[in-house]
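Inspection log for the structure reproduced underneath, given as structure tokens.
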Amino acid sequence: MTEKTKDKSTREKSEPTELEVIKYLEAHPKLLLDNPKLLSETPPDRRFNSETVVDMQRFVVKRLRLQVDELKASSNHLVTTTRDNMSILERTHNCALAVLNAKDFHALSAVLSEDIPLFLGLDAAAIGIEVSPEESSMLPAGADAALRLLTPGTVDILIGTDAPTRLRAKTDGGTALYGAAEGLVTSDALVRLTPTDTMPVGVFAVGSRDEGCFSQDQGTELLGFLAEVVSYAVARWWPTQA
5 MTEKTKDKST REKSEPTELE VIKYLEAHPK LLLDNPKLLS ETPPDRRFNS ETVVDMQRFV
65 VKRLRLQVDE LKASSNHLVT TTRDNMSILE RTHNCALAVL NAKDFHALSA VLSEDIPLFL
125 GLDAAAIGIE VSPEESSMLP AGADAALRLL TPGTVDILIG TDAPTRLRAK TDGGTALYGA
185 AEGLVTSDAL VRLTPTDTMP VGVFAVGSRD EGCFSQDQGT ELLGFLAEVV SYAVARWWPT
245 QA
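Each residue of the sequence shown is one higher than the one before, counting from 5 in my numbering.
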């Protein structure tokens with residue numbers, strides 16, 4: 005036997021038999037699912053070559069392959085969306101912790117101007133509280149740096165009398181809600197801060213320089229949660245105004 009014949013014989017012996025392949029697939033049923041490319045490269049059955057016979061198997065296989073591609077695309081989209089949602093949830097929690105860790109209005113002002121925009125990838129955050137001229141003179145120390153003082157009725161004008169939130173795809177300002185960043189914000193989200201026995205009605209706002217960043221079809225659950233945390237933080241120091 006020549007050396008060439010030996011090499012050929014060795015290669016043939018090293019290849020698994022059909023029965024071995026079947027047994028392997030039976031022992032590893034997820035192999036084809038984890039490797040869909042193997043199915044896509046499987047040639048169709050050509051047993052029907054007559055022009056008078058329509059081979060429906062080709063159409064079935066094609067449809068199944070399309071369904072596999074669609075399921076794979078949907079799965080990838082679901083994974084991506086879940087990751088994005090988890091990222092937003094984590095960033096919202098970081099904002100809430102920063103707000104709760106603020107020791108006074110001076111610290112809260114830094115959280116509003118630095119931490120919240122950074123965590124949320126936005127350009128501005130603000131708190132507006134409706135106060136009369138008499139009440140504004142009794143605010144706690146540092147409150148004027150953290151809060152935008154609004155005349156009574158402003159929150160209803162901004163959000164509406166019945167709505168808890170308002171998302172504006174485009175805004176040209178109209179109030180000094182964002183202070184120095186007022187001219188920068190072109191899209192924002194507003195959440196009503198429910199008044200308490202000690203604190204008047206207010207608004208929590210976040211804004212972006214990108215027009216259309218917010219729209220009415222977006223969810224507001226996480227933003228509402230953050231607004232509740234902000235309201236709690238403000239109410240902790242508000243009674244000290246007396």
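Note that the Cβ used here is the ideal one computed from N, Cα and C, for glycine as well.
Bear in mind that the values here come from a model prediction, so they are computed numbers and not experimental data.
Count Cβ pairs between the segment 156-165 and the segment 213-230 that sit closer than 8 Å; are there 3 or more?
no
Measuring CB to CB, does Leu-194 end up less than 8 Å from Thr-169?
yes
I need the straight-line Cα distance from Cys-217 to Ala-31, nearest angstrom please.
51 Å
Can you tell me the Cα-Cα spacing of Ser-78 and Phe-208, whole angstroms?
36 Å
Where Phe-123 falls: helix, strand or coil (DSSP):
helix
Inter-residue Cα distance where the pair is Pro-204 and Ile-133:
7 Å
Where do the ends of the beta strand (DSSP E) carrying Glu-215 lie?
Premise fails: Glu-215 is in no beta strand (DSSP E) and is neither H nor E.
Helix, strand or coil, according to DSSP, for Thr-198 in the structure here?
coil
Anyone know if the C-beta pair for Ile-120 and Gly-206 falls short of 8 Å?
no
Should the segment 89-99 be called in touch with the segment 178-192, which here means at least 3 C-beta pairs below 8 Å?
no
C-beta atoms of Val-210 and Ala-129 nearer than 8 Å:
yes
Let me check you understand the geometry: is the CB of Val-103 closer than 7 Å to at least one non-hydrogen atom of the ligand MG?
Ligands displayed in this structure: none; no statement on the ligand MG is therefore possible.
Grouping DSSP H, G and I as helix and E and B as strand, with all else coil, what is Ile-163?
helix
Cutting at 6 Å between CB atoms, please list the residues of its own chain near Tyr-115, excluding the five before and the five after it.
According to the sequence as given, residue 115 is Val; it is not Tyr. These residues qualify, in order along the chain: Ala-102, Val-103, Ala-106.
Would you mind reading off the limits of the beta strand (DSSP E) that contains Gly-228?
It is not in any beta strand (DSSP E) - Gly-228 instead sits in the alpha helix (DSSP H) that spans 225-241.
Does Leu-23 pass the burial test, meaning 16 or more other C-beta atoms within 10 Å, or should it be called exposed?
exposed
Name the two residues that bound the continuous beta strand (DSSP E) containing Ala-19.
Going by the sequence as given, residue 19 is Glu instead of Ala. Looking at the DSSP string, Glu-19 is not in any beta strand (DSSP E), and its letter there is neither H nor E.
Leaving out the 5 sequence neighbours to the left and right, which residues in its chain are closer than 8 Å to Pro-33 when beta-carbon positions are compared?
none
If Ala-180 and Glu-215 are in contact, beta carbons under 8 Å, what's the gap, nearest whole angstrom?
Actually they are not in contact, since the Cβ atoms of Ala-180 and Glu-215 sit about 20 Å apart, beyond 8 Å.
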